[in-house]
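Student: Here's a structure for you.
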Amino acid sequence: MKNLLRFISVYLLLSICFEYAYAGAGGGGGGGFESDSDGGDILALIEIIYYIMVLIPFPYNMIVLAVLLVILHYSKKSYVARSGFNQLPSFYKSNRAKFPIPLWFKEQHPEFDEQIFLEKVKKAFSEIQQAWMNKDLSKVRRWISDGIYQRFNIQFKMMNILEQTNIIENILIKEIFIDNIERDGNYHIAHVFIHYTMMDKFVSKKYPYLSHGGPLENIEYWSFIRKNGTKEFNLYNSNNCPKCGADLPYDKGEISRCNHCHTITYLGDYDWVLTEITQADDYFNQPQKLSKQGKCTKKIRQELSGIQDFSVQLSEDKASNAFMQIMAAHIHKKPELMRRFVSNSFYESEAKKINAVNYVYNRLYINNITLTDLFQENEQYYLVFSLKKTSQRVKIEGEFKKLDAAPVAENMIMVMTKKINSKTAQGMLYAHSCPSCGGNIADTIDIDCQYCGTPLNSTEYEWIVDILCNNDYYINIYKNNFRQKGVTQLNPDDLDVLYDVRDYAFNNVLIMVAADNNLAEKELAFINKLTKKWGYNKDKVNSMIELAKNKQLVLRIPEKQKHKEKMYTLIEKAAKLEGNISVEEQAILDEIKIHLN
């Protein structure tokens, strides 16, 4: 009897040990994934069991084994439940506790009224949708940042090339609330949760293959910035200059500036200004240490304390603006469009790439952009930004062809540089005025100011792009140029905190099974099986399924090679569920296979 008890206990313990090691190392276990473990973890567990059996007398060794069994069992359940997807809000219930407005914020803004602020956000949301549909930002320009303006403006240009329109109807905000308020130097940032439904249709008469859409339900986080210590002026219900009261020009173009006193409205000096629109999965996919008050961000801000009014959010907005200017140069095959925002060396290398471009973008947007590190070298600061962009390329010269089967998310690094002992700028390069003399920049492709002759891309006054590259190039080549280590020394490959290997696979499986616009019973059963096996919240999975049906999910690829291969194995298995792989599913598989290399 004693030996039988020992055998049963050891058997059960070994079973759960193998299952735990398999699940933990492989990102959820099963479904075609192989374990990352080289066997060392499992051998260590077996060794522990052996010593428990040999060194502890019966029946106490059985008690110890039973306790270990329970610990491993609940550790495995805890691991399964830790998926980043379970942090995401659901379409069906938000389960949120009301965000308490921080005491420090109330003390600095005693006049702040949450309901009035949320009414501004609702107006911003509604008018942005209308501006997007009409491809006209003139009515909203006074309260959107440069980065937001350029993101929209460049996409309008791409849509015009493809003769696309986006018809938006029946907009309904189902739930809206302040999710968080952060301090960012002399600025404050309010992040707002918006759950909405609408009819959302992309239509291209010239390229009908690009037409898609229908009823859409989604959750986004809109971020607004405002400078501390300034009197609030309601930019959302007035078209008057907040400083002198004169009427602002109707067609504000790239810059909302008063013609009388030359005040720029969208810098956060007068009202809350929209600086970021983030999808729910990207909003949660950021390490806490990189939040505006995170420990890494604090280190960067401390090093840059000599720069007046430095703001992490506004620096990220400049990086976003510069990135879209570079993309505009790509789209129009005109390198000179990015000339004043980039270094001479970057311009020369990037111009060669642009001249070889033979595609346009059906989709191109920035998921998020985050300041991650700071270097100092040769009397220059270097800000490092981790940038995630989503794009889908199409070829329209000759026969139309999708070069990407679906929109693909890609991690990139942008580095911007500025002199350590820089001069006080008299104008704003990113707001079309010369940083040296403040003169208006009429011709955006000029490299020298027409008034004072100063090079516009001089790091004496402004942050200028030095490099835009993938993570591997930055880690293995560019970073080695610096003799001093970065302030945070973060590895860009480790910034996707939301996604484990299983989560990448699950996201891409949903895109796969929805690719042919027909979710078969076998496919739904497979999704439900993975949902249960990996501990996903069913309501949140159902929300993701709806996004997949409406082509709102994007392919996400891990950075590590072995994770890419495991992800592909599971996706291929999902594609074969119906017995044959559709043309659309095969295209997705081929797309992912390209990224394996």
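Under the numbering used here, the letters of the sequence shown match residues 2 to 598, in that order. Where a beta carbon is used, it is the ideal one built from N, C-alpha and C, also for glycine. Given the structure is predicted, the values throughout are model-derived calculations rather than measurements.
Is there contact between the stretch 375-390 and the stretch 316-333, where contact requires at least three CB pairs shorter than 8 Å?
Tutor: yes
Student: So, helix, strand or coil for F19, using DSSP?
Tutor: Within the sequence shown, residue 19 is the residue found at index 18, counting from 1. The pLDDT assigned to F19 is 47, lower than 50, so where the model puts this residue is not dependable, and the model offers no usable value.
Student: Which ranges would you report for the beta strand (DSSP E) in the stretch 419-474 if only whole runs of at least 3 residues count?
Tutor: 465-471
Student: Drop a sphere of 10 angstroms on the beta-carbon of F59, count the other beta-carbons inside from all chains shown, and report buried for 16 or more, exposed for fewer.
Tutor: Here residue 59 corresponds to residue number 58 of the sequence shown, with the count starting at 1. With fewer than 16 other Cβ atoms within 10 Å, it is exposed.
Student: Can you round the beta-carbon distance between Q280 and I190 to whole angstroms, since I take them to be within the 8 Å contact cut?
Tutor: Taking the first residue of the sequence shown as position 1, residue 280 is located at position 279. Taking the first residue of the sequence shown as position 1, residue 190 is located at position 189. Not quite, the Cβ-Cβ distance comes to about 18 Å (not below 8 Å), so this is no contact.
Student: Should R371 go down as buried or exposed, given a rule of 16 or more other Cβ atoms within 10 Å for buried?
Tutor: Within the sequence shown, numbered from 1, the residue matching residue 371 stands at position 370. A small correction: the amino acid at residue 371 is Thr; Arg does not occupy that position in the sequence shown. Buried, because 16 or more other Cβ atoms sit within 10 Å of the Cβ of T371.
Student: With respect to 7 Å, is the separation between the Cβ of Y475 and the closest non-hydrogen atom of the ligand NAP below this value?
Tutor: Ligands are entirely absent from the displayed structure, and the ligand NAP is therefore not among its contents.
Student: Can you name, in chain order, every residue of its own chain whose Cβ lies under 8 Å from the Cβ of I546, other than the five neighbours on each side?
Tutor: By 1-based counting over the sequence shown, the position of residue 546 is 545. So the list reads L511, A515, L520, I528, once near-sequence residues are dropped.
Student: In terms of residue numbering, what span does the alpha helix (DSSP H) encompassing R503 cover?
Tutor: As a working note, residue 503 is residue 502 in the sequence shown. Looking at the DSSP string, the run of the alpha helix (DSSP H) that includes R503 is 502-514.
Student: May I have the straight-line CA-CA distance separating I278 from S423, to the nearest angstrom?
Tutor: Residue numbering aside, residue 278 sits at position 277 when the sequence shown is read from its first letter. Residue numbering aside, residue 423 sits at position 422 when the sequence shown is read from its first letter. Distance from the CA of I278 to the CA of S423, rounded to the nearest whole angstrom, comes to 31 Å.
Student: Among L211, S346, I558, K574, which one has its Cα closest to the Cα of S459?
Tutor: Position 458 of the sequence shown holds residue 459. Answer by Cα proximity: S346.
Student: In the DSSP assignment, find the unbroken beta strand (DSSP E) run with L104 in it and report its ends.
Tutor: As a first step, residue 104 must be located in the sequence shown, where it is residue number 103. Counting along the chain, L104 falls outside any beta strand (DSSP E), though it belongs to the alpha helix (DSSP H) covering 104-109.
Student: So, helix, strand or coil for A407, using DSSP?
Tutor: Position 406 of the sequence shown holds residue 407. Note: A407 maps to coil in three-state DSSP.
Student: Could you give the residue range of the beta strand (DSSP E) that holds W133?
Tutor: The residue you call residue 133 lines up with position 132 of the sequence shown. Looking at the DSSP string, W133 is not in any beta strand (DSSP E); the run it does join, the alpha helix (DSSP H), is 115-135.
Student: When you compare each of F92, E115, R258, Q109 to F1 by their alpha carbons, which one comes out closest?
Tutor: Given a span of 2 to 598 for the chain in the structure shown, any question on residue 1 remains unanswerable.
Student: Could you name the residues that DSSP lists as bridge partners for P393?
Tutor: Taking the sequence shown and counting its residues from 1, one reaches residue 393 at position 392. Checking the displayed sequence, the identity of residue 393 turns out to be Gln instead of Pro. Paired residue(s): R364.
Student: Given a cut-off of 8 Å on the beta-carbon distance, is the pair C450 and C435 in contact?
Tutor: Sequence index remark: in the sequence shown, residue 450 carries index 449 (1-based). Sequence index remark: in the sequence shown, residue 435 carries index 434 (1-based). Yes, the Cβ-Cβ distance between C450 and C435 is below 8 Å.
Student: Please state if the CB of I172 and the CB of Y210 are separated by a distance shorter than 8 Å.
Tutor: As a position in the sequence shown, residue 210 is number 209, starting the count at 1. As a position in the sequence shown, residue 172 is number 171, starting the count at 1. No. Outside cutoff.
Student: Taking 8 Å as the threshold (C-beta atoms), are Q393 and Y362 in contact?
Tutor: Locating residue 362 in the sequence shown gives position 361, where the first residue counts as 1. Locating residue 393 in the sequence shown gives position 392, where the first residue counts as 1. Cβ atoms of Y362 and Q393: closer than 8 Å.
Student: For T373, count neighbouring C-beta atoms within 10 Å of its own C-beta (all shown protein chains included) and say buried if the count is 16 or more, exposed if not.
Tutor: Within the sequence shown, the letter at position 372 stands for residue 373. That one is buried.
Student: For G277, which residues does DSSP report across the bridge?
Tutor: Numbered from 1 along the sequence shown, position 276 holds the residue referred to as residue 277. Just to set this straight, residue 277 is Glu in the shown sequence, not Gly. Under the DSSP definition of a beta bridge, E277 partners with S224.
Student: Work out the CA separation of K354 and E586 for me, nearest whole Å.
Tutor: Locating residue 586 in the sequence shown gives position 585, where the first residue counts as 1. Locating residue 354 in the sequence shown gives position 353, where the first residue counts as 1. Cα to Cα, E586 sits roughly 31 Å from K354.
Student: Indicate whether S316 and L375 have their beta-carbon atoms separated by less than 8 Å.
Tutor: Position 315 of the sequence shown, counted from the start, is the residue given in the question as residue 316. Position 374 of the sequence shown, counted from the start, is the residue given in the question as residue 375. Going by C-beta atoms, S316 is not nearer than 8 Å to L375.
Student: Pop quiz: Y479 and R557 are said to be a contact at Cβ under 8 Å. What is the actual Cβ separation, rounded to whole angstroms?
Tutor: In the sequence shown, counting from the first residue as 1, residue 479 sits at position 478. In the sequence shown, counting from the first residue as 1, residue 557 sits at position 556. Actually they are not in contact, since the Cβ atoms of Y479 and R557 sit about 24 Å apart, beyond 8 Å.
Student: Just verifying my parser: in three-state terms, what is the DSSP assignment at E351?
Tutor: As a position in the sequence shown, residue 351 is number 350, starting the count at 1. Helix.
Student: By a C-beta neighbour count over all protein chains shown, 10 Å radius and 16 as the cutoff for buried, is L597 buried or exposed?
Tutor: Position 596 of the sequence shown, counting from 1, holds the residue named residue 597. So L597 ends up on the exposed side.
Student: Measure the C-alpha to C-alpha separation of K567 and E522 and round it to an integer number of angstroms.
Tutor: One-based indexing of the sequence shown puts residue 567 at position 566. One-based indexing of the sequence shown puts residue 522 at position 521. Their backbone Cα atoms lie some 25 Å apart in a straight line.
Student: Tell whether a beta-carbon distance below 8 Å holds between M415 and R152.
Tutor: As a first step, residue 415 must be located in the sequence shown, where it is residue number 414. As a first step, residue 152 must be located in the sequence shown, where it is residue number 151. No, the pair does not count as a contact, with Cβ atoms beyond the cut-off.
Student: Could you give the distance in angstroms between the alpha-carbon of N492 and the alpha-carbon of I476?
Tutor: Counting from 1 along the sequence shown, the entry for residue 492 is found at position 491. Counting from 1 along the sequence shown, the entry for residue 476 is found at position 475. One C-alpha to the other measures close to 8 Å.
Student: So the beta strand (DSSP E) K175 belongs to, where does it begin and stop?
Tutor: Indexing the sequence shown from 1 puts residue 175 at position 174. Note, K175: beta strand (DSSP E), 165-185.
Student: Do L571 and D282 have their CB atoms nearer than 8 Å?
Tutor: Residue 571 sits at position 570 when you count from the first residue of the sequence shown. Residue 282 sits at position 281 when you count from the first residue of the sequence shown. At least 8 Å separates the beta-carbon of L571 from that of D282.
Student: Helix, strand or coil for D540 per DSSP?
Tutor: As a position in the sequence shown, residue 540 is number 539, starting the count at 1. In the structure shown, D540 sits in a helix (DSSP, three-state: H, G or I).
Student: Nearest-angstrom Cα distance between A1 and E48?
Tutor: Since the first and last residues shown for the chain are 2 and 598, residue 1 lies out of range.
Student: If you check the beta carbons only, do A407 and I265 fall under 8 Å apart?
Tutor: Against the sequence shown, residue 407 aligns to sequence position 406. Against the sequence shown, residue 265 aligns to sequence position 264. No, they are not a contact pair.
Student: Inspect the beta-carbon positions of L338 and I256 and report whether they are closer than 8 Å.
Tutor: Taking the first residue of the sequence shown as position 1, residue 338 is located at position 337. Taking the first residue of the sequence shown as position 1, residue 256 is located at position 255. No, Cβ-Cβ distance for L338 and I256 is not below 8 Å.
Student: Identify whether A521 lies in helix, strand or coil by the three-state DSSP scheme.
Tutor: Here residue 521 corresponds to residue number 520 of the sequence shown, with the count starting at 1. Here A521 carries a coil assignment [DSSP, helix/strand/coil].
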